[in-house]
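Asks: Here my numbering is used: the first residue of the sequence shown is 784, the next is one more, and so on.
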Amino acid sequence: MRKITFSILLVLVATLFVNAQINTSQNFNSSTSYTDGWSDDGAFAITPTGACGGNSARDNVWVNSISGKLYSPPIDDLSSGTTMDISFDYKIVDYVSSGIPINATQPGWGSLDVEYTLDQGTTWINLMTIDDNNHITSSSCNTINLTIPAADIPSGSDFQLRFTSHWLSGDFYVYLDNISAVQTVTSTPNCDIVMTSPTDGQANASTTGLITWSPATGGVVAYKLNIGTTSGGTDVVNQALIEGGDTFYNAGSLLQGVTYYVSIIPYNNLGESSCSEFQFTTFDVPVNDACIDAFDAFPLPYTNSQDVYGATNNDGFIANCESGMNDGVWYTVSGNGEEITVTVTETSVWDSELGIYTGSCGNFTCIDFSDSSNDTEEVAFTSVIGETYYINVGDFSGFMDNDEGAFDINITSSPVCSLPSDIQVNNITDKSATVTWVENGTATEWQVVYGPTNFDPTSEGTSVFDNDGILGIEISGLKEESTYDAYVFAVCDGSLSKLLGPTTFTTDKLSVGIQNFAGFSFYPNPTNSIINLKSNYQIEKLTLYDMLGKKVEQSIPNSLNTVVNLAQLNSGVYLLQVEINGDSKTYKVIKK
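(1) Taking DSSP as the reference, what is the three-state secondary structure of Ala826?
(2) What residue from Pro1198, Leu951, Asp1158 and Met867 has the CA that sits closest to Glu1122's CA?
(3) Note down, in chain order, each residue of its chain lying with its Cβ closer than 7 Å to the Cβ of Gly1332, except the 5 sequence neighbours on either side.
(4) State yes or no: is the C-beta of Phe942 within less than 8 Å of the C-beta of Trp892?
(5) Taking the C-alpha atoms as reference points, what is the distance between Ser816 and Ser808?
(6) With distances taken Cα to Cα, identify the nearest neighbour of Ser1246 among Asn987, Tyr1270 and Leu1254.
(7) Does the separation of the CB atoms of Asp872 and Asn961 fall below 8 Å?
(8) Report the three-state DSSP secondary structure of Gly1296 (helix, strand or coil).
(9) Just curious, the beta strand (DSSP E) that Trp950 is in, first and last residue?
(10) Taking the Cβ atom as the reference point for each residue, do Ser963 and Leu901 lie within a distance shorter than 8 Å?
(11) Count the CB pairs spanning the segment 1046-1063 and the segment 969-976 that are closer than 8 Å, and state whether there are at least three.
(12) Measure the CB-CB distance between Phe1147 and Asn1096 and report whether it falls below 8 Å.
(13) Taking the alpha-carbon of Gln1360 as reference, which of Lys1371, Leu1352, Leu1261 and Asn1353 has the nearest alpha-carbon?
(14) Out of Asp1329, Lys1281 and Thr1286, which one is the CA nearest neighbour of Phe1238?
(15) Looking at the structure shown, is Ile1194 part of a helix, part of a strand, or coil, going by DSSP?
(16) Please confirm whether any heavy atom of the ligand NAD lies closer than 7 Å to the CB of Gly992.
(17) Please report how far the alpha carbon of Thr920 lies from the alpha carbon of Pro884, in whole angstroms.
(18) Taking 8 Å as the threshold, find out whether the segment 1117-1134 comes into contact with the segment 1169-1181 through three or more Cβ pairs.
(19) Just mark Val1045 as buried or exposed, buried being the case when its beta carbon has 16 or more other beta carbons within 10 Å.
(20) Taking the beta strand (DSSP E) that Pro1285 belongs to, which residues open and close that run?
(21) Give a yes or no on whether the C-beta atoms belonging to Thr1322 and Thr1345 are separated by under 8 Å.
(22) Taking the straight line between their C-alpha atoms, what separation do you get for Ser1180 and Asn1033?
(23) To the nearest angstrom, report how far apart Ala828 and Gln1022 are at their CA atoms.
(24) How is Cys1074 classed by DSSP in three states: helix, strand or coil?
(25) For Asp842, does the count of other Cβ atoms within 10 angstroms reach 16, so buried, or fall short, so exposed?
(26) According to DSSP, is Ala934 helix, strand or coil?
(27) Between the C-alpha atoms of Ser1014 and Gln1062, what's the straight-line distance to the nearest angstrom?
(28) Under the three-state reduction of DSSP, which class applies to Ser1257: helix, strand or coil?
(29) Starting from Cys1149 and walking both ways along the beta strand (DSSP E), at which residues does that stretch end?
(30) Classify Tyr1306: buried if its beta carbon has 16 or more other beta carbons within 10 angstroms, exposed otherwise.
(31) In three-state terms, what does DSSP make of Asp1249?
(32) Out of Leu951, Ser1265 and Ser1354, state which residue places its alpha-carbon closest to the alpha-carbon of Gln889.
(33) So what does Met1183 bridge to, in DSSP terms?
(34) Just how far apart, CA to CA, sit Asp1076 and Val1068?
(35) Name the residue from Thr906, Ala934 and Asp896 whose alpha carbon lies nearest to the alpha carbon of Ile927.
(36) Quick check on DSSP: helix, strand or coil for Gln889?
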């Protein structure tokens, strides 16, 4: 395996060592014009007249000039994340037209705000307001000392200080002098950085090259990043400076299946810290990434688990099925004439799709696909003996090359429940008919569903089961001169074949005899337990079947009124066969 080394080294270039945290001060003595980046909004002026010492910045605040602003120079990206100490001298004295003002202004003059910004003036944070509540009325300059906690001025922050005067009454001067804002560090930063993405020791890491880490404490100003093919090398990236409080770097696309070593070292004006090295390994391309390298799912049942984050879209998007999908990873399975079921269950967070194809790599014919909103995709299909089926597990998108993830795959096969054929209806009378068909598989049980023509056999009609070993069944209780449709299912180990039918037939005219089911009724349906039955003629026998044709219970009431108790049965649909005077009818009943 190839190895490449990242070194995030915090090395100070010479110019940064001088100013590698915030340190600004001004006494205005060097000139009567602003120097070193200090400025105002036009209200202040630098003067020696009445100054705290040498020169001071002074604002005349009165009714025609109700506010003024004085700014320190803006400092970008140099906060060390440590406590800042701020001090300044100020006084408030009455205006004089000439000479030195000597009278302290009395309460009610207004206020003076001390503010700072960390976002280049978008937001100003009030540090102190001087007003009648805390102002010392004096013609001498007073010294104010303030502190900004380390937590309020994070590492790499911008910084600027602002003083704003506000007029309330009178005519007065605001003097400012000997202003300083200083962060102090006493040692190099702590080596408490944690690489957060990728994590230390991570396998199957992304190849995007984005590296992130937690900030160092103890006065960090910035970081430096070297990327090399050996430990400490710089042949990939040479001393990239990471400042402004950022704790991330995008190194660009990385190689797959490569171990990278990462050193993250913070620095400030006292120097850099030597910190421990991290490492991670980028993902490998899955062995079955390409169709020609598909895993052979043999023998069945077949199971496998994969994390295919590194799968590539090497054959492009697979658009043979309706929705299209990513070219993920591939499996093949050989048809055995049975029904093959492929189930894929996501075991990480991604959106999978499952596609089944015949043909050859790059020349597919869609058999079926599954693209649900659930974590499981499943396709079942009837296989042809000897046919090769290609199975693609990939991201659902047919136009974006998204990442795949982890999944379990399970492939099983079971005998197909063959569709019967050649359904026939014979021996038609006014109230009965015989239904026959041809069995094409190994089924020994069948379900016949019949009802008025054009009924829905999946939700309507009457069902009877043929499981007596003799193919064919008589259906009875029909109405005279009525048209019916009949369908047949084969029943195989509890599953049903596809539907055969309909075959349509019409009953004969009413024959001479008693209409045995005239006046027959039962209720309630659905029921929680008891079904009441009532007839004008003696009810001879009752037989209850489940939907697979299994006899549940049987009784011989020989009475006009009787009950069927379903209390002990599971909820579901059952078939109740009723016999009266030798005739029978079957009814669907629902147990709630």
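Idealized CB from N, CA, C, for every residue including glycine.
Replies: To lay it out plainly:
(1) Under the three-state reduction of DSSP, Ala826 is assigned to coil, being neither helix nor strand.
(2) Pro1198
(3) Excluding positions up to five away in sequence, the list reads Glu1228, Gln1230, Phe1248, Asn1250 and Val1274.
(4) no
(5) 15 Å
(6) Tyr1270
(7) yes
(8) Because Gly1296 sits at a pLDDT of 38, beneath the cut-off of 50, its placement in the model cannot be relied upon, and the point is left open.
(9) Gln943 to Trp950
(10) no
(11) yes
(12) no
(13) Lys1371
(14) When C-alpha distances from Phe1238 are compared across Asp1329, Lys1281 and Thr1286, the shortest belongs to Thr1286.
(15) strand
(16) Among the ligands in the structure shown, none appear at all, so the ligand NAD cannot be discussed.
(17) For Thr920 and Pro884, the distance between alpha carbons rounds to 14 Å.
(18) yes
(19) Val1045 is buried by the Cβ-count criterion.
(20) Leu1283 to Thr1289
(21) Reading off the sequence shown, one finds Ile at residue 1322, where the question assumed Thr. In contact: Ile1322 and Thr1345 (Cβ atoms closer than 8 Å).
(22) 26 Å
(23) 44 Å
(24) helix
(25) buried
(26) helix
(27) Between Ser1014 and Gln1062, the C-alpha separation is close to 11 Å.
(28) With the sequence shown as reference, residue 1257 is identified as Glu, and Ser is not the correct amino acid for it. In this structure, Glu1257 counts as strand in the three-state DSSP scheme.
(29) Asn1146 to Ser1153
(30) exposed
(31) strand
(32) Leu951
(33) Paired residues: none, contrary to the question.
(34) Computed Cα separation, rounded: 12 Å.
(35) Asp896
(36) coil
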